[in-house]
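In our numbering, the protein residues as written are 1417 to 1536.
Quick notes on the structure that follows.
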């Protein structure tokens, strides 16, 4: 992403809201003051439809990665979590490993479930 935008004379700012609603709101407000043109984010349970609508009104294009919530007013892109996990396990097996483990957090997030299914 950074290389793509660098070649087009744009800079990339990275930030994390740590799933903290007030921090997310403050971060978006800070970015708007920086005259950002776009926002790429992973879905945040605290990013409201209203926030996305305001970004759209200010002509700030938003892309949400792996948006299982189907947030309106944003373009979405998805990862092949099952396939990625399968590729990783296959690579380890091809390297001669036979005892392969994985640590998954206790979460009900769809993308984590998909990764687990791909690992199994």
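Beta carbons: idealized from backbone N, C-alpha and C, even for Gly.
Check, Outcome
"Between the CA atoms of residue 1502 and residue 1469 - distance to the nearest angstrom", "37 Å"
"Simplified DSSP state of residue 1458, which is helix, strand or coil", "coil"
"Three-way DSSP call (helix, strand, coil) for residue 1477 in this model", "strand"
"Residue 1426 versus residue 1434 - alpha carbon distance", "25 Å"
"Assigned exposure category for residue 1524 - 16 Cβ within 10 Å defines buried", "exposed"
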